[in-house]
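Quick note, the numbering used here runs 219 ahead of the 1-based positions in the sequence shown. Accompanying notes for the structure given below.
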Amino acid sequence: MITALIRRTVSHGRVIVFGAILFGLLAAAVGSTTLGKMTNDSDSPTAESVLTAERLTKAAGMSADLDIVAIVSPTGGIKSTQGRYRVSEVALKFFSDEGVANVQSFLNSDSPALISKDGKSAIVSVQFKSGVDRNALAKSISEQFKDQPDVALGGVSVTGVEIGDRVAGDLSKAELFALPILFLLALWIFRGVVAATVTIGIGILAIVTTLMVLRGVVEITSISSYVLNLVTGLGLGLAIDYCLFIMSRYREETVLYGYTPRAALAAGVAAGRTVFFSALTVAVSMSSLMLFPQKFLFSMGVGGAAVTLVSATVSIVVLPAILALLGRRIDSLTLPGSDRARRKDTGLVHKIVWYRLAKWTMRHAKPVLVASLILVATLAWPALSTKFSNINVDSLPTTSAVRTVAERVATEFPNSGGTTINVAVEAPADAQAQVTALAQRVAKLPHVVLPAPPVYLGSDTWSLSAVVFAGPFSQAAETALHGIRSLPSPNKMLVGGETAAFVDNEESMLSHLPMAALVVGLAVMLVIFLLTGSVVLPVKTLLVNILNVSMTIGVLVWIFQYGHLEGPLHYESTGAIDLSQPILVMVIGFGLSTDYGVFLLARIKESYDHDGDNVEAVATGVGRSGRIISSAALLLCVAVGAFSSSSVLFIKQLGVGTAVAVLLDATIIRAFLVPSAMRLMSTANWWAPGPLRRFHNRYGVSESGPAIVPDGGPPKLVLIPSPPPPPVPQLTLVRSPAPEPTGERTILLPPPPPIVRQPAPPEITGEQPAVSEPRRHRRIERGGSTGKHRQRP
220 MITALIRRTV SHGRVIVFGA ILFGLLAAAV GSTTLGKMTN DSDSPTAESV
270 LTAERLTKAA GMSADLDIVA IVSPTGGIKS TQGRYRVSEV ALKFFSDEGV
320 ANVQSFLNSD SPALISKDGK SAIVSVQFKS GVDRNALAKS ISEQFKDQPD
370 VALGGVSVTG VEIGDRVAGD LSKAELFALP ILFLLALWIF RGVVAATVTI
420 GIGILAIVTT LMVLRGVVEI TSISSYVLNL VTGLGLGLAI DYCLFIMSRY
470 REETVLYGYT PRAALAAGVA AGRTVFFSAL TVAVSMSSLM LFPQKFLFSM
520 GVGGAAVTLV SATVSIVVLP AILALLGRRI DSLTLPGSDR ARRKDTGLVH
570 KIVWYRLAKW TMRHAKPVLV ASLILVATLA WPALSTKFSN INVDSLPTTS
620 AVRTVAERVA TEFPNSGGTT INVAVEAPAD AQAQVTALAQ RVAKLPHVVL
670 PAPPVYLGSD TWSLSAVVFA GPFSQAAETA LHGIRSLPSP NKMLVGGETA
720 AFVDNEESML SHLPMAALVV GLAVMLVIFL LTGSVVLPVK TLLVNILNVS
770 MTIGVLVWIF QYGHLEGPLH YESTGAIDLS QPILVMVIGF GLSTDYGVFL
820 LARIKESYDH DGDNVEAVAT GVGRSGRIIS SAALLLCVAV GAFSSSSVLF
870 IKQLGVGTAV AVLLDATIIR AFLVPSAMRL MSTANWWAPG PLRRFHNRYG
920 VSESGPAIVP DGGPPKLVLI PSPPPPPVPQ LTLVRSPAPE PTGERTILLP
970 PPPPIVRQPA PPEITGEQPA VSEPRRHRRI ERGGSTGKHR QRP
């Protein structure tokens, strides 16, 4: 399949390139409408907390949460006539909107909890009608109060809008920040303006194509807008990485075939196989996120799998066509010294720094392995004390006005602060005695306060609100939640709220994690087996990836939970990391680690198949792929790590976590841990049972074997076994008899030089020119009647 595809792209280079340009413009036009169709949902639709909110909303006809919490600070304080009039004016403006169902202030509820301790401010709370677009309505109302400095808006819906707007804005800033740096890095890595421009263009094509794919997906199911950051970062990073793999192989093939379509086809077929299977592994890893019911993780799975497959397809289809079309012009406008550096990369492998590093590592395999494991344990140690939080107002920076409102409510309105736990009791209207008895048992639980008696909403639903004066992710709030849920009740009871949403997500993620880990592990092991034919290397790859994920989570905890690097990263630690981060790190880290592992093992396997020397194969594989993997990792770190500049905390954690996973894999894992472990395992690396070995011989994949295109006519790929090397001619020496003594002077010729057997030529798979039969050497005799030289008279 790959062979036929590359053959056609090389044969029709102009059509492919111009078609890709037109398709990219169309994809950009269609994909630009994708964001407007996405949502900010992140929870599981079947979670008890979500079902609680839905039941309360349906029964009351309005939101179960406070969509808007406005702090009004009129001149002269709220106790003055002018202040009371201003609070009334704000409340009436809220209520004038058709989407608003309920507005509360101290004027219509006589609640002192809605007045600040100093009497200078008051709270006006707003609940929207059920069925309205809460985000759109919150954004519209926020615009109305934008130029009124005495009114500050917060609340659940306003917070959601603020997070969504910041994510979208930070995405544009990250793109503007990353693209120039990526171009400069590509210019340095590819050593030419044309090559760098081509790869950046393919990365952009991959992004807009993925957005067009997601535009179709949102017509089928809802997708979270947070996935756009992942799509942009992975799209740029992976597409450029895959182009780097193919372009590097192309430059190796030009040594044999020059800048011809032969080289483009050979590179496309050889590296294309590796890119395809590598991308397939990453896509399967990413798609495991679709097993989680949370919309945030599900969306990440859809977007991650889509952008990976699209990046690989665009690279495999478009780049070989460009290479065949441009030929030597791909290296136009090169940097000074590029030719010398390119000759070094494609020359003798023992002169490459990565080869010498691998040799040194394997000469000191045991101490290097022990030192690497100690470093791994050190970096992973903080992961043992991980604490989690959920997406909420604390995800916003301290400069956010919405977060400021939440902090002011907690400090200036102590009776209105705290964490609310919503309880929906299924009971008829005449069951007030039973519901009241339940409320009394709730009030006796530790840390729980009941600010109001139960309220019948209709539709056989009673509403009960319990307040815990602690943070939503605190131990007190969780203890109260579990206490309420464990209370016996004759009526069906649903418990929701922010703490319930966090606990539900945590339990759901933990219950779905084993299946996701199984899918990722099996995908990794299957691809590595098909590539190497070994049952040892897949297990080793799995273990190495686990170590990499452990290190990454440890670094994340050290940075974001312990509060290190707050200044350089411009954030304020909440004492925890987002609940989804370990899962995202596991899935993305496994996928990207296997991505680079596939490329490294493909080169090692290619060398091992050639001479059967395990040590030399590892050194050669690291030597040939070391610069490529490190360059690819650097590019991906910049593409994804650019989101570490995001002002939203969980997006910042995602960018830092992905970049750290890639960086650790390309350094500690690939440069030291893998070579030392493979040296100690020796030939056992390549062991497999007989049936599996025969299966791999039939269905396995490899990167070895250049494709050769015959001159004239459309390119045709011919793969034939290499002919056996011609026999080395044997020289027969016959000792001549001793000359009889005569009066003549005899001159004896010196003995012939020793015959040295030449090494067999390297095996090259492909169509080879005919090899002529070796000439038969006639026997050479020295001495006898023909071996004497008579003295010239």
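Just so you know, even glycine gets a beta-carbon here, dropped at the ideal spot from N, CA and C.
Helix or strand or just coil, what does DSSP make of residue i?
i	result
M281	strand
S443	strand
H231	coil
N641	strand
L615	coil
D550	helix
T623	helix
L544	helix
W681	strand
I571	coil
A320	strand
L676	strand
F809	helix
T222	helix
List the residues that DSSP assigns as beta-bridge partners of residue i.
i	result
A652	According to DSSP, which records beta bridges pairwise, A652 is partnered with nothing at all.
L669	None; L669 has no bridge partner.
Y461	Answer is none; Y461 lacks a bridge partner.
I796	F607
V686	T639, V668
I535	Note: I535 sits in no beta bridge, so no partner.
Using C-beta distances below 6 Å, list every residue in its chain close to residue i, excluding the 5 sequence neighbours before and after it, in chain order.
i	result
E362	none
A926	With a pLDDT of 42 at A926, under the threshold of 50, the predicted position of this residue should be treated as unreliable, though the coordinate-derived value follows. Closer than 6 Å at the Cβ level, and outside the excluded window around A926, lie L484, A485, V488, L936.
I408	S850
V642	L683, V714
V446	S518, M519, G522
Y478	G546, R547
S865	D389, K871
E791	T617
G192	Outside the displayed range of the chain (220 to 1012) lies residue 192, so it cannot be described from this structure.
G636	V628, A629
Going straight from the alpha carbon of residue i to that of residue j, what length do you get?
i	j	result
V413	L401	14 Å
A371	V309	11 Å
V229	T839	29 Å
L729	D262	14 Å
L892	V817	15 Å
P616	N609	15 Å
S315	S359	13 Å
P802	L732	What sits at residue 802 in the sequence shown is Ile, not Pro. If you take the alpha carbons of I802 and L732, they lie about 8 Å apart.
L761	A599	17 Å
D649	S299	44 Å
G831	P601	42 Å
H666	T877	39 Å
A357	P673	28 Å
F869	K348	30 Å
L552	A405	13 Å
D797	A540	43 Å
R470	V380	49 Å
I342	T252	38 Å
To which residues of the same chain is residue i closer than 7 Å at the C-beta, ignoring the five residues directly before and after it?
i	result
F517	L508, M509, F511
N904	S753, V755, L756, N833, M897
A577	V837, A838, V841, G842, P894
L612	Per the sequence shown, residue 612 should be read as Val rather than Leu. Once the five neighbours on either side are set aside, the close Cβ partners of V612 are T378, V621, R622, A625.
V234	none
R274	A643, T680, L713
Within the same chain, show all residues whose beta-carbon is closer than 8 Å to that of residue i, passing over the 5 residues directly before and after it, in chain order.
i	result
V526	A425, I426, T429, L449, V450, L453, G454, L457
T961	Residue placement at T961 cannot be trusted, given a pLDDT of 47 that sits under 50; what the coordinates show is reported in the next sentence. Cβ neighbours of T961 beyond the five flanking positions: none.
Q301	P293, T294, G295
L254	A387, S444, L447
P709	Q653
Please confirm whether residue i has its beta-carbon closer than 8 Å to some beta-carbon of chain B.
i	result
E726	This model lacks chain B altogether, as it is built from one protein chain only.
Scan the region 234-318 and note each continuous alpha helix (DSSP H) run of 4 residues or more that stays entirely inside, going in chain order. 267-279, 300-314
Alpha helix (DSSP H) segments (min. 4 residues) lying fully within the region 337-421: 353-363, 375-409
In chain order, which continuous runs of the beta strand (DSSP E) of length 3 or greater are located wholly inside the region 693-753? 712-716
Enumerated in chain order, which unbroken segments of the alpha helix (DSSP H) with a length of 4 residues or greater are wholly contained in the region 760-805? 785-788
Counting only runs of 4+ residues fully inside the region 825-860, write out the alpha helix (DSSP H) ranges in chain order. 833-860
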